[in-house]
Amino acid sequence: MSFLLAACGDNQVTPPDPPDAACEPANPPAADCSDACFDDRGPEPRMELAVADLALPTPPDGSTPVRVSLFYTVAPQEGAWTRAEVADRMRQIVANTDTILAQCAMHVEVEVAQVIALPARLLDIQGNEEGSFGGHPPPGTPDPDLFDYEQNERLTAESRELFEYGKAHSSKNTIDAYTIDHIVYYANQMLDEAGGLSYPANIYHHVDDYPYRNAVLLVPEYGACGDLPGVPGTRTLAHEIGHMLLNTGGHAGAFNNLMVNGTVLTDAQCATMAANLDALFGEAEVPDPGPPS
Ligand SMILES: [Zn+2]
């Protein structure tokens with residue numbers, strides 16, 4: 103089912119330490135790219151791009167920026183890809199998302215753009231804890247957002263490990279967007295898969311998960327181990343930003359709505375997104391926004 107769920111400075115790149123000389127990566131690599139040479143290692147930077155490298159168009163006058171950091175992730179094996187290819191994919195993601203956010207006079211403002219290598223255990227993420235509702239309360243729940251708030255879900259160890267990397271390289275209130283090869287998560291306590299995942303503050307409000315919860319996951323097509331993945335679905339990042347700025351795991355609305363199966367945002371949604379952009383992603387820290395009113 104679920105294409106998409108919800109819930110849920112100093113940018114210098116330090117070259118990773120060389121692999122242990124005694125460790126020879128398997129050639130050809132395992133089908134899932136797992137390799138004992140890499141499996142104990144965490145996220146490692148591979149390339150940093152200046153925002154100017156992305157050659158993004160100038161946003162329309164009066165458009166409100168939504169700050170996003172883009173992290174393309176690759177398996178640790180050597181892959182053949184170029185700075186221009188990374189820039190091209192990131193530019194497409196921003197263009198696709200801006201086309202939708204323009205309905206609310208908003209656009210993506212890229213803060214950080216990196217490619218990072220992840221061991222296989224982090225490329226295939228379990229998005230929430232076993233048995234979670236994941237922003238999908240039982241049918242008939244009278245106040246789904248209050249139900250979700252009261253669940254007080256937490257980041258998993260692997261999602262937190264990934265998000266800690268991003269928050270070491272981006273502002274606390276920026277939404278860090280990561281590509282990922284595969285996501286499993288629990289929706290209404292049942293295991294499922296997702297094409298994207300978000301961590302809205304209404305659900306992931308525990309103070310210890312701030313600011314790491316300011317993150318979304320996107321699932322494009324991954325090729326051979328180490329290759330640069332493709333571009334996520336055209337509405338994927340916009341949909342996940344929708345969850346973050348609407349501050350809900352819900353998928354209510356008309357069939358053509360961004361939060362259901364299309365790209366439309368209503369005036370009421372735009373008003374809520376603008377208010378939450380200030381309230382939850384402004385300059386002030388927001389460790390716990392409190393229950394929905
Ligand atoms: Zn969703």
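Just so you know, we're using this note's numbering here: the sequence shown kicks off at 103 and counts up by one. All C-beta atoms, glycine included, are put in the ideal place defined by N, C-alpha and C.
Closest by C-alpha distance to residue i, when choosing among the options
i, options, result
"A219", "N254, P244 and M149", "M149"
"P391", "N349, A152 and F173", "N349"
"A124", "L339, M208, A138 and V388", "A138"
"L151", "Y324, G181, E295 and A189", "A189"
"E385", "E231, Y314, V366 and T276", "T276"
"Q228", "D142, Q179 and G297", "G297"
"A376", "S136, L156, G164 and P131", "G164"
"V333", "Q179, H341, P322 and E342", "P322"
"N230", "N358, E295 and P161", "E295"
"T374", "Y287, H345 and P393", "H345"
Rounded straight-line distance, which links the Cα of residue j to that of residue i
i, j, result
"T184", "P147", "15 Å"
"V362", "G236", "16 Å"
"V196", "I282", "17 Å"
"N378", "A279", "18 Å"
"G242", "D250", "13 Å"
"Y267", "P145", "7 Å"
"Y306", "F383", "14 Å"
"P389", "H308", "7 Å"
"P246", "P240", "9 Å"
"A222", "A259", "15 Å"
Where residue i falls, given that 16 or more other Cβ within 10 Å makes a residue buried
i, result
"E213", "buried"
"A128", "exposed"
"M103", "With a pLDDT of only 37 at M103, under 50, the local geometry of the prediction cannot be trusted, and the value read off the model is given with reservation. So M103 ends up on the exposed side."
"Q253", "buried"
"T338", "buried"
"G233", "exposed"
"P244", "exposed"
"G111", "Since pLDDT at G111 reaches only 39, below the 50 mark, its modelled position is unreliable, and the value read off the structure follows with that caveat. With fewer than 16 other Cβ atoms within 10 Å, it is exposed."
"D200", "buried"
"Q291", "exposed"
"D141", "exposed"
"H271", "buried"
"F265", "buried"
Helix, strand or coil at residue i according to DSSP, with G and I counted as helix
i, result
"L367", "coil"
"H209", "strand"
"L319", "strand"
"Q194", "helix"
"E342", "helix"
"A186", "helix"
"A219", "strand"
Taking only runs that begin and end inside the segment 252 to 307, name each unbroken beta strand (DSSP E) of 3 or more residues, in chain order. 277 to 281, 284 to 289, 292 to 295 and 298 to 300
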